[in-house]
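In the numbering used here, the protein residues as written are 215 to 440.
In what follows, a single structure is set out as structure tokens and then discussed.
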């Protein structure tokens, strides 16, 4: 009865399709959860995300949890996470990534989680860094510590959305700094991003780990395949 009253006061609906959630559902209804476009990349090496970084940075492992496309449900969820102040949805999706990561044979190699940073200006405007919230969700499932400030965004870059691979790389290649790299000595970092398209942003971060001789792997919520 109390749950029903709460639902009347605070509409408790699916973030994707808008149907009313049952008491056993959270953020997404069961039907939408089933329809999430999972990649299955955690089950095999040489997957498309891992191959994306071949010859660019020495990534140990790389996966994306879901496929991202203009027509996919993920596009709507990512938009809400980035622009609609959906903090709890970000953490929830991070937990879904964590469950997927738990199936990877290499998860035991990871010792800490580092989110891709955004600028202070963008974080102040948005109120949070979505990759940091995804990382918090992943940590809740995997038990790995999050070093939220290991990387710093040193320059404000224009949006990557409509840029090709070369322009994306030029846009971000000097945009990051590794803060106190000695804190990451002996760690195997799992770098977390929201959406990987050309991999320019994650590559720029990865190069900093490479220069500091810190082994790293990459995981994103979604992969925008072409």
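Ideal Cβ positions, reconstructed from N, Cα and C, are used throughout, including at glycine.
Note that the structure is a prediction, hence the values are computed from the model and not measured.
CA-to-CA distance, residue 387 to residue 415, given in whole angstroms
In the chain shown, counting from the first residue as 1, residue 415 sits at position 201. In the chain shown, counting from the first residue as 1, residue 387 sits at position 173. About 8 Å.
Where does the unbroken alpha helix (DSSP H) through residue 362 begin, and where does it stop?
Taking the chain shown and counting its residues from 1, one reaches residue 362 at position 148. Unbroken run through residue 362: none, as it is neither H nor E.
Nearest CA to the CA of residue 330: which residue from 409, 424 and 438?
Your numbering for residue 330 matches position 116 in the chain shown. It is 409 whose Cα lies nearest to the Cα of residue 330.
Cα separation between residue 307 and residue 427?
Here residue 307 refers to the residue found at position 93 when the chain shown is read from its first residue. Here residue 427 refers to the residue found at position 213 when the chain shown is read from its first residue. Answer to the nearest angstrom: the Cα atoms are 31 Å apart.
Could you tell me the distance, in whole angstroms, from the CA atom of residue 332 to the CA atom of residue 422?
Locating residue 332 in the chain shown gives position 118, counting from the first residue. Locating residue 422 in the chain shown gives position 208, counting from the first residue. Near 16 Å, if we compare the C-alpha coordinates of residue 422 and residue 332.
Reduced DSSP category for residue 383 - H, G, I as helix; E, B as strand; rest coil:
As a working note, residue 383 is residue 169 in the chain shown. Reliability of the predicted coordinates at residue 383 is poor, the pLDDT of 48 falling under 50, and the value obtained from them is presented with this limitation in mind. Residue state, collapsed to three classes: helix.
Beta-carbon proximity of residue 420 to residue 263, cut-off 8 Å:
Walking along the chain shown from the start, residue 420 turns up at place 206. Walking along the chain shown from the start, residue 263 turns up at place 49. Contact: no.
Specify, as a first and last residue, the run of the beta strand (DSSP E) that residue 433 falls within.
Taking the first residue of the chain shown as 1, we reach residue 433 at position 219. Unbroken beta strand (DSSP E) run through residue 433: 430 to 437.
Just list the residues that DSSP pairs residue 391 with in beta bridges.
Position 177 of the chain shown, counting from 1, holds the residue named residue 391. According to DSSP, residue 391 bridges with 366.
Is it true that the stretch 320 to 329 meets the stretch 277 to 293, where meeting means three or more beta-carbon pairs spaced less than 8 Å apart?
no
With residue 398 as the anchor, note down where its alpha helix (DSSP H) starts and where it stops.
Taking the first residue of the chain shown as 1, we reach residue 398 at position 184. Premise fails: residue 398 is in no alpha helix (DSSP H) and is neither H nor E.
By Cβ distance below 6 Å, which residues in the same chain neighbour residue 241 in space, the five residues on each side in sequence not counted?
For the purposes of this step, residue 241 is taken as residue 27 along the chain shown, with counting starting at 1. Once the five neighbours on either side are set aside, the close Cβ partners of residue 241 are 229, 303 and 306.
Buried or exposed, going by whether 16 or more other CB atoms sit within 10 Å of the CB of residue 434?
The residue labelled residue 434 in the question sits at position 220 within the chain shown. It counts as buried.
Considering only the beta carbon of each residue, do residue 437 and residue 253 sit closer than 8 Å?
Position 223 of the chain shown, counting from 1, holds the residue named residue 437. Position 39 of the chain shown, counting from 1, holds the residue named residue 253. Closer than 8 Å, so yes.
What does a CB cutoff of less than 7 Å around residue 345 pick up in its chain, not counting 5 residues either side in sequence?
The residue labelled residue 345 in the question sits at position 131 within the chain shown. Cβ within range, chain order: 329, 330, 406, 407 and 408.
What does a CB cutoff of less than 6 Å around residue 395 pick up in its chain, not counting 5 residues either side in sequence?
Position 181 of the chain shown, counted from the start, is the residue given in the question as residue 395. So the qualifying residues of the chain are 426.
Assuming residue 353 contacts residue 327 under a Cβ cut-off of 8 Å, what Cβ separation, rounded to an integer in Å, is found between them?
The residue given as residue 353 occupies position 139 in the chain shown. The residue given as residue 327 occupies position 113 in the chain shown. Residue 353 to residue 327, Cβ: 6 Å. Contact.
Would you grab the beta carbon distance between residue 256 and residue 317 for me? Rounded to a whole angstrom, and I think it's under 8 Å.
Counting from one through the chain shown, the residue named residue 256 turns up at place 42. Counting from one through the chain shown, the residue named residue 317 turns up at place 103. About 5 Å; that satisfies the 8 Å criterion.
As assigned by DSSP and simplified to three states, the class of residue 406
Here residue 406 is taken as the residue at index 192 of the chain shown, counted from 1. In this structure, residue 406 counts as strand in the three-state DSSP scheme.
In terms of residue numbering, what span does the beta strand (DSSP E) encompassing residue 327 cover?
Against the chain shown, residue 327 aligns to sequence position 113. Counting along the chain, the beta strand (DSSP E) containing residue 327 begins and ends at 326 to 329.
Simplified DSSP state of residue 242, which is helix, strand or coil:
Translated into positions along the chain shown, residue 242 becomes position 28. DSSP places residue 242 in strand when its eight states are reduced to three.
Would the beta-carbon of residue 400 fall within 8 Å of that of residue 266?
The count along the chain shown starts at 1 and reaches residue 400 at position 186. The count along the chain shown starts at 1 and reaches residue 266 at position 52. No, the pair does not count as a contact, with Cβ atoms beyond the cut-off.
Could you have a look at residue 164 and say whether DSSP puts it in helix, strand or coil?
Lying before the first or after the last residue shown, residue 164 is absent from the chain, which here runs from 215 to 440.
Three-state secondary structure assigned by DSSP to residue 298:
Taking the first residue of the chain shown as position 1, residue 298 is located at position 84. The answer is coil: DSSP assigns residue 298 none of H, G, I, E or B.
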